[in-house]
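Just below is one structure, and these are the notes that go with it.
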Amino acid sequence: MSVTVADHILQRLREWGVEHVFGYPGDGINGLLAAWGRAEDRPRFIQSRHEEMSAFQAVGYAKFSGRLGVCAATSGPGAIHLLNGLYDAKLDHVPVLAVVGQTHRSAMGGSYQQEVDLHTLFKDVASDFVETVTVPEQLPNVLDRAIRTAYARRAPTAVIIPGDVQELDYAAPTHEFKMVPSSLDRSGWTAVPSAESVERAAEILNAGDKVAILVGQGAAGAPAEVERIAEALGAGVAKALLGKDALSDELPYVTGAIGLLGTRPSYELMRDCDTLLTIGSSFPYSQFLPDFGKARAVQIDIDPHMVGMRYPYEVNLVGDARATLERLIPLIRAEERGREWYDEVCANVARWREVMARRAELSAHPINPEYVAHALDPLLPGNAIISSDSGSAANWYARHLTMREGMRASLSGTLATMGCGVPYAIGAKFAHPNRPAIALVGDGAMQMNGLAELITAAKYKDRWEDPRLVVGVWNNHDLNQVTWELRAMGGEPSFLPSQELPDVQYGAFARSLGLTGVRVEKPEDVEAGWRAGLEADGPAVIEFLTDPAVPPIPPHATWEQMESTAASILKGDPDRGSMIKQGFKAKMQEFLPGHRDKS
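Residue numbers 828 to 1426, in my numbering, belong to the letters of the sequence shown in order.
As structure tokens, then:
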């Protein structure tokens, strides 16, 4: 029996160690689907409800495994659906390969059904490598380069294969003129900066009295080294959201998230420091960094394309975080440092934790959304994988969940797209079938696509050694993050026709699929709700009826800014009284040390 191009593609994916392909069928990839049948579903084809979810699942798989995520789709409509997930991969620097069908070569250029100029379509999102296979001899080189480039550039790549090409007999390239043979291997490599630049960086850091460290996902492979340099410098460590799991929050000098969704001690750390060390982060909101030119600064990043953009760094160390820190740490003069700054940072962190506990305990109607995340925090298994969707739930994820060593967590950090929380968790389950996954999702994202992907979870739950996939839904009948942005940034009241959401019975829908489904309507039942999900013998949906009037107050919010927001609400917001009350109650917790007010 002859080997077709489609057969060879699946064989090559197996040789690269690919075990799962997240996709949705269509006649543009019929040749591949037939090959999957002949290959006895190796690599496994994981069927989503929508191609965008396939791409998100590939991103989640790649984020939580460190391996290549692969997605597949048919020609025009399926390929277009992949784009949002692929852009998520591009902006968060995740290796993903898209294998996409195309109309037959004989029809291309003829305005044929479902024909789209896919090369042009993918040219931006897969800018590092996109290629159309028109003859069998282009393989395996095109596929190999797409995979190697995705890994090396930490980016999405795309291989487009017309339907008739998939069914051709495979012919390997030779050494003849105009042929491009290929090979499989991809050895590991480590980039390190020059010794001279490391010495200059050490001089700057040693000269600082109040050192702040900002870490992102690029520091995830070097937690021990980050700890060592932080303790040597007596520094506080703030985290960009993509770096939430890069370092344990149990360390007393870790101030938590930075930015609009961040913490007060992270804001104070950046405001008051005189020296900044950024490791593996391209956090874009410079208003949350030290005032321009106030601090001397050093950056470490593996990508020379991403250095020097956010702050006037004096030294940009281009290299792997762990390898660079191993060279930098011996040059730090720890014995010469005082403890005043370190003690101040730790005290700020301890006080903030008390503030957040008080804010979580404030009454709301019916449930305080902060309490939902706060109650989950001590229940999280030590090997949990957590995904957060975009929206106000991300605020509570950022501020209330304590990352402990061994936990993993992520979200759409740069694109901040809605709808990634549930498919990320599904991708995580295929990357680590023996670990529990928890998705934190607002009702807007759940209605957007989360409900449909519960069907995917139900379909594959028996393939997971630990079948737990807990979806926590903040049900507040409101597109809450945008609503508060309207109020705080636009100075306008909520516009109900765009912001109000219908009440959906998420738990009941889960039960209709044979999953665990719980609806929590009272604060005293929140902890029991989470326990029901974490103790279930399969996927579970726990929905919490939360108060949309509780504001996601930024860590830098002043009384003047809150008064401005209140003034905008008083223009005619339908829930203005309770919002002003909840906002000022929450802010007051920062000024009431040791007092627990549940009124």
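Cβ coordinates follow ideal geometry from the N, Cα and C atoms, glycine included.
Check your understanding: Rounded C-beta distance between residue 1366 and residue 1250? I'm assuming under 8 Å.
Key -> Not quite, the Cβ-Cβ distance comes to about 13 Å (not below 8 Å), so this is no contact.
Point to revise | Nearest-angstrom beta carbon gap, residue 1038 and residue 1062 [assumed within contact, 8 Å] | key: About 4 Å separates the Cβ atoms of residue 1062 and residue 1038, confirming a contact at the 8 Å cut-off.
Review point. Which residue from 972, 1233 and 988 puts its Cα closest to that of residue 931?
Key: With distances taken between Cα atoms, residue 931 lies closest to 988.
Practice item. Assign residue 950 to one of two classes, buried (16 or more other C-beta atoms within 10 Å of its C-beta) or exposed (fewer than that). Key: Under this definition residue 950 is an exposed residue.
Review point. Apart from the five residues just before and just after residue 1191, which ones in its own chain have a Cβ nearer than 6 Å to its Cβ?
Key: 1374 and 1377, listed in sequence order.
**Study point:** Cβ shell of residue 1206 (< 8 Å), same chain only, five flanking positions each side left out
**Key:** Only 1354, 1357, 1358 and 1361 meet the Cβ criterion.
Check your understanding: When the Cα of residue 1174 is compared with those of 1008, 1024, 1040 and 1082, which residue comes out closest?
Key -> With distances taken between Cα atoms, residue 1174 lies closest to 1082.
**Study point:** Reduced DSSP category for residue 1148 - H, G, I as helix; E, B as strand; rest coil
**Key:** Helix.
Review point. According to DSSP, is residue 1349 helix, strand or coil?
Key: When DSSP states are grouped into helix, strand and coil, residue 1349 belongs to the coil group.
Point to revise | Boundaries of the alpha helix (DSSP H) in which residue 1031 is found, first to last residue | key: For residue 1031, the enclosing alpha helix (DSSP H) has its first and last residue at 1022-1034.
Review point. For residue 1387, is the classification buried or exposed, using 16 other Cβ atoms within 10 angstroms of its Cβ as the cut-off for buried?
Key: Because the pLDDT at residue 1387 is just 48, under 50, the model does not fix this residue reliably, and the value given afterwards should be weighed accordingly. Per the 10 Å Cβ criterion, exposed.
Exercise for review: Quick one: measure Cβ to Cβ for residue 1172 and residue 1092, integer angstroms, because I've assumed they're closer than 8 Å.
Suggested key: Contact flag correct, Cβ pair sits at about 7 Å.
**Study point:** Beta-bridge partners of residue 1105, as assigned by DSSP
**Key:** 1041 and 1126.
**Study point:** Whether residue 1306 touches residue 1328 by CB criterion (8 Å)
**Key:** Yes, the Cβ-Cβ distance between residue 1306 and residue 1328 is below 8 Å.
**Study point:** 7 Å CB neighbourhood of residue 939 in its chain, flanking five on each side removed
**Key:** These residues qualify, in order along the chain: 930.
Exercise for review: Could you pull out every residue in the same chain whose Cβ sits closer than 8 Å to the Cβ of residue 1079, ignoring the five residues on either side in sequence?
Suggested key: Excluding positions up to five away in sequence, the list reads 1173, 1176 and 1177.
Practice item. Would you please state the rounded distance, in angstroms, between the beta carbons of residue 917 and residue 952? I believe it to be under 8 Å. Key: Their Cβ separation, rounded to whole angstroms, is 6 Å, which keeps residue 917 and residue 952 in contact under 8 Å.
Check your understanding: What residue from 1340, 834, 1280 and 1145 has the CA that sits closest to residue 1021's CA?
Key -> Ranking the options by Cα distance to residue 1021, first place goes to 1145.
Exercise for review: Check whether the Cβ atoms of residue 872 and residue 1258 sit closer than 8 Å, and answer yes or no.
Suggested key: No, they are not a contact pair.
**Study point:** Limits of the alpha helix (DSSP H) - the one that residue 1268 falls within
**Key:** Where residue 1268 is concerned, there is no enclosing alpha helix (DSSP H), although the beta strand (DSSP E) it sits in stretches over 1264-1269.
Review point. Thinking C-beta only, is residue 832 closer than 8 Å to residue 966?
Key: Note that the C-beta distance between residue 966 and residue 832 is below 8 Å.
Practice item. On the DSSP bridge assignment, give the partners of residue 831 in chain order. Key: Bridge partners of residue 831: 996.
Check your understanding: To the nearest angstrom, how far is it from the Cα of residue 846 to the Cα of residue 1312?
Key -> Straight across, the Cα-Cα distance linking residue 846 with residue 1312 is about 42 Å.
Review point. Do you know offhand how far residue 928's Cα is from residue 959's?
Key: Cα to Cα, residue 928 sits roughly 10 Å from residue 959.
Review point. Nearest-angstrom Cα distance between residue 829 and residue 995?
Key: In this model, residue 829 and residue 995 are separated by some 9 Å (Cα to Cα).
Review point. Counting Cβ pairs closer than 8 Å, one from the stretch 903-922 and one from the stretch 872-885, do we hit at least three?
Key: Touching, yes, given that three or more Cβ pairs across the two stretches are closer than 8 Å.
Practice item. Keeping to the same chain, check which residues put their C-beta closer than 6 Å to that of residue 1275; ignore five residues upstream and five downstream. Key: The beta carbon of residue 1275 sits closer than 6 Å to those of 1245 and 1246, all from its chain and outside the five residues before and after it, given in chain order.
Review point. For the beta strand (DSSP E) that contains residue 845, what are its first and last residues?
Key: Here residue 845 belongs to no beta strand (DSSP E), and DSSP marks it neither H nor E.
Practice item. Using DSSP bridges, identify the partner residues of residue 1142. Key: DSSP lists 1125 as partners of residue 1142.
Review point. How many Å lie between residue 1301 and residue 1268 at the Cα?
Key: Their Cα atoms are separated by approximately 6 Å.
Review point. Does the distance from the C-beta atom of residue 1252 to that of residue 893 stay below 8 Å?
Key: Cβ atoms of residue 1252 and residue 893: not closer than 8 Å.
Check your understanding: CB residue 1219 to CB residue 1326, shorter than 8 Å?
Key -> No, Cβ-Cβ distance for residue 1219 and residue 1326 is not below 8 Å.
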